[in-house]
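Quick note on the working numbering: the sequence shown kicks off at 128 and runs consecutively.
We treat Cβ as the ideally placed atom computed from N, Cα and C, and that holds for glycine.
The model shown is predicted, which means the values in this text are computed figures rather than measured ones.
What follows is one structure encoded as structure tokens, with my remarks underneath.
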Amino acid sequence: MKSKLIFLLSLLLSLQFCSCSNDEPVNREWIEIDHENPVRATPLLATYAQQYDGLMMWPSRVVDDSGLTGEAGDYSYWQEHKNEAQTTEELMAMCDIPEDKLQAMSTRNLAHTCYRHPYAFVYTAQNVVYQGFFFMTRANCYRELMQRKTGAAELVNLYCDLEYSENSPDFELNALTLFLMTAVDYNALNKEQLTRLSTEIFNKIDNIVAPHGDNLNFYEKLRFPYLLGAFMAYHYDATLSEDEVNRLKDFITVTGLASYRVNGKIITAEDVSHATLIISQSLERMEQLLQ
């Protein structure tokens with residue numbers, strides 16, 4: 128199935144972007160993946176995180192959440208009072224969950240609360256989606272989830288439970304995908320979670336491609352699962368060549384910044400297509416290595 132999917136996506140993206148590649152194949156060694164020590168450990172988002180005072184992405188999880196059973200937040204206050212707000216800051220503050228309820232909430236319910244945040248569309252509608260990572264952290268539910276010991280695990284569970292819809296923009300699922308990218312980038316996932324995620328990214332891509340065929344807009348649908356896959360490949364695939372690593376970094380920058388220029392170099396549609404094939408092949412190798 129995955130081999131067929133790789134072929135389908137390669138063909139689809141070749142038709143859409145008119146791409147081709149004559150690069151020599153890279154020799155692949157069977158290298159054990161160590162989830163505790165990524166091959167390339169420095170977070171790609173660290174440069175962007177420095178722009179936001181006081182932001183700590185995925186600190187050591189300090190909240191023991193084993194006994195928490197509280198219900199999910201419902202954003203009813205925002206629903207009742209949103210027309211009274213004068214600024215974006217006021218609107219965002221209306222979405223904050225009362226601290227006593229937030230700290231009693233089970234981590235599974237907390238993940239669902241993050242997923243249902245009323246302004247999920249803002250996180251993924253940014254021209255620069257990297258801004259979405261940090262816009263999320265203005266919401267106290269996201270900040271709390273990053274503190275929980277099982278926060279990353281529940282994000283993976285929720286991501287695996289959800290499917291892209293055929294016609295809707297899927298703002299919530301895209302926002303969840305962005306947040307999972309930060310968990311991958313800051314090494315918050317264990318081996319089991321990485322294994323599930325590599326499999327689920329293929330499922331998500333298949334779910335997106337199947338109903339659309341060659342009428343699919345890459346930036347509307349496919350860029351989010353491929354961005355997540357790019358972060359995983361970058362950090363954990365030790366078999367990547369230097370050229371492939373650079374292509375992944377360019378792809379992450381281009382799809383994250385909505386710009387076709389990286390450090391003065393123009394990134395072509397062929398480059399994007401080549402990167403998606405690297406990601407697909409890398410995820411397939413990682414899935415085998417992690418099992």
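> At which residues does the alpha helix (DSSP H) containing residue 190 begin and terminate?
Replying inline: Against the sequence shown, residue 190 aligns to sequence position 63. Counting along the chain, residue 190 falls outside any alpha helix (DSSP H), and DSSP gives it neither H nor E.
>> Looking at the secondary structure, which residues open and close the alpha helix (DSSP H) in which residue 223 lies?
In response: Within the sequence shown, the letter at position 96 stands for residue 223. Run containing residue 223: none; DSSP gives neither H nor E here.
>> I need the DSSP call for residue 399, collapsed to helix, strand or coil.
In response: Along the sequence shown, one-based indexing puts residue 399 at 272. Residue 399 falls in the helix class under three-state DSSP.
> So which of 375, 306 and 192 has the shortest CA-CA distance to residue 282?
Replying inline: Position 155 of the sequence shown, counting from 1, holds the residue named residue 282. Nearest C-alpha to residue 282 among 375, 306 and 192: 306.
>> Shorter than 7 Å, the distance from the beta carbon of residue 227 to the closest heavy atom of the ligand MN, or not?
In response: What this structure holds is no ligand at all, so the ligand MN is not there to describe.
> From 200, 330, 278 and 405, pick the residue whose C-alpha is nearest to that of residue 191; which is it?
Replying inline: What you label residue 191 is simply residue 64 of the sequence shown in a count that begins at 1. Closest option to residue 191, Cα to Cα, is 278.
> Does the region 232–252 come close enough to the region 263–273 to have 3 or more Cβ pairs within less than 8 Å?
Replying inline: Here the region 232–252 lies against the region 263–273, with 3 or more beta-carbon pairs under 8 Å apart.
> Which value, in whole angstroms, describes the spacing of the CA atoms of residue 196 and residue 238?
Replying inline: Here residue 196 is taken as the residue at index 69 of the sequence shown, counted from 1. Here residue 238 is taken as the residue at index 111 of the sequence shown, counted from 1. Those two C-alpha atoms are separated by around 13 Å.
> Candidates 214, 220 and 194: which alpha carbon is nearest residue 204's?
Replying inline: The residue given as residue 204 occupies position 77 in the sequence shown. Ranked by how close their Cα comes to the Cα of residue 204, the residues 214, 220 and 194 have 220 in first place.
>> Within 10 Å of its beta-carbon, does residue 152 have 16 or more other beta-carbons around it, so buried, or fewer, so exposed?
In response: Residue 152 sits at position 25 when you count from the first residue of the sequence shown. Confidence is the limiting factor: at residue 152 the pLDDT is only 43, short of 50, which leaves the residue's position unreliable, though a coordinate-based value still follows. By the neighbour-count rule (16 or more Cβ atoms within 10 Å), residue 152 is not buried but exposed.
> By how many angstroms is the C-alpha of residue 169 removed from the C-alpha of residue 186?
Replying inline: As a position in the sequence shown, residue 186 is number 59, starting the count at 1. As a position in the sequence shown, residue 169 is number 42, starting the count at 1. Their Cα atoms are separated by approximately 14 Å.
>> Using DSSP's beta-bridge definition, name the partner residues of residue 197.
In response: Position 70 of the sequence shown, counting from 1, holds the residue named residue 197. 232, per the DSSP bridge assignment.
>> Mapping the DSSP letters down to three states, classify residue 275 as helix, strand or coil.
In response: The sequence position of residue 275 within the sequence shown is 148, counting from 1. Reduced to three states, the DSSP call for residue 275 is strand.
> For residue 225, is the classification buried or exposed, using 16 other Cβ atoms within 10 angstroms of its Cβ as the cut-off for buried?
Replying inline: The residue given as residue 225 occupies position 98 in the sequence shown. With fewer than 16 other Cβ atoms within 10 Å, it is exposed.
> Does DSSP classify residue 246 as helix, strand or coil?
Replying inline: Mapped onto the sequence shown, residue 246 falls at position 119. Here residue 246 sits in coil by DSSP.
> Helix or strand or just coil, what does DSSP make of residue 359?
Replying inline: Here the question's residue 359 lines up with position 232 in the sequence shown. Of the three classes helix, strand and coil, the one that applies to residue 359 here is helix, per DSSP.
>> What would DSSP say about residue 166, mapped onto helix, strand or coil?
In response: Here residue 166 corresponds to residue number 39 of the sequence shown, with the count starting at 1. Assigned with DSSP and collapsed to three states, residue 166 falls in coil, not helix or strand.
>> For residue 131 and residue 407, what's the separation of their Cα atoms in angstroms?
In response: Residue 131 sits at position 4 when you count from the first residue of the sequence shown. Residue 407 sits at position 280 when you count from the first residue of the sequence shown. No answer about residue 131 holds up, because its pLDDT of 42 lies below 50 and its placement is not dependable.
> Of all the options 276, 207, 260 and 209, which has the alpha carbon lying nearest to the alpha carbon of residue 194?
Replying inline: The sequence position of residue 194 within the sequence shown is 67, counting from 1. Distances from the CA of residue 194 to each of 276, 207, 260 and 209 were compared; the closest alpha carbon is that of 276.
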